[in-house]
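Participant: When you number the sequence shown by my numbering, it's gap-free, plus one each residue, and the end is 180.
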Amino acid sequence: MKQTVIVTLLVILLTAGMLAAIVWGSQGKKTSQVKNSQDTIETKTPDEAKNNGDPIFYYGNTCPHCADVEGWMKENKLEEKVKVIKKEVYDNRTNAFELSQVAQRCGISTNSIGVPFLYTPEGKCLIGTPDIIDYFSEKLKAASESSTLSK
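Quick look at the structure:
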């Protein structure tokens with residue numbers, strides 16, 4: 030019995046220590062260490078982006094699904110045809126807070142928020158690679174049709 034209590038306390042202390050180390054380590058990161066794939070920082074709020082018709086792509090710098098979307102964007106030269114605001118949320122607390130606010134507007138519980146996440150100018154929230162790529166595919170198709178009509 031006494032040995033079980035000691036083992037339980039050790040496990041709790043080790044877990045608390047690891048969590049403290051993670052929190053402490055993440056607070057020490059400077060914003061200058063965070064690289065945006067465009068090497069620019071977007072400061073538009075969701076309302077400004079909505080008024081300008083720009084979708085906001087929230088991503089995590091180590092998120093494999095986000096990398097899939099970004100790879101698709103690059104492969105399809107999306108940003109040459111459609112303006113996209115990119116905001117990293119793992120290392121940028123302001124962007125992470127903004128993401129939670131946007132998700133709440135869409136009625137998404139904070140427990141269900143994940144990346145990749147897209148906030149559209151129409152005020153819709155899309156979570157996950159397939160939905161985001163489908164959305165951008167439609168935008169590319171519309172951009173292509175509009176450029177064909179203007180010729």
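Note that CB positions come from ideal geometry on N, CA and C, so glycine has one too.
#1: Tell me the DSSP bridge mates of I156?
#2: Does DSSP put K112 in a helix, in a strand, or in coil?
#3: Can you give me the start and stop residues for the beta strand (DSSP E) that Y199 sits inside?
#4: What residues in its chain sit with their C-beta under 6 Å from that of G143, if we drop five residues either side in the sequence?
#5: So what's E117 in DSSP terms, helix, strand or just coil?
#6: Are the segment 95-114 and the segment 122-140 touching, with three or more C-beta to C-beta distances below 8 Å?
#7: By the three-class DSSP mapping on this structure, what secondary structure does Q133 have?
#8: Just to confirm my understanding: we take L169, look at its own chain, exclude 5 residues before and 5 after, and list those with CB closer than 8 Å. What are they?
#9: Where do the N-terminal and C-terminal ends of the alpha helix (DSSP H) with M102 fall, by residue?
#10: For G89, count neighbouring Cβ atoms within 10 angstroms of its own Cβ and tell me buried if that reaches 16, exposed if not.
#11: Going by other Cβ atoms of all chains shown within 10 Å of its Cβ, with 16 needed for buried, is I35 buried or exposed?
#12: So what does DSSP say about E151, is it helix, strand or coil?
#13: Rounded to the nearest angstrom, how far is the Cβ of D83 from that of I114, given a contact under 8 Å?
Facilitator: On the basis of the supplied data:
#1: F146, per the DSSP bridge assignment.
#2: DSSP, read as helix, strand or coil, puts K112 in coil.
#3: The requested residue 199 does not occur in the structure, where the chain is confined to residues 30 to 180.
#4: Excluding residues up to 5 positions away in sequence, I156 lie with their Cβ nearer than 6 Å to the Cβ of G143 in the same chain.
#5: E117 falls in the strand class under three-state DSSP.
#6: Contact between the segment 95-114 and the segment 122-140 is absent, because fewer than three Cβ pairs lie under 8 Å.
#7: It is helical.
#8: The residues are N105, L107, K110, V111.
#9: Bounds of the alpha helix (DSSP H) holding M102 are 93-104.
#10: Result: buried.
#11: Label assigned to I35: exposed.
#12: Of the three classes helix, strand and coil, the one that applies to E151 here is coil, per DSSP.
#13: 5 Å between Cβ atoms; contact.
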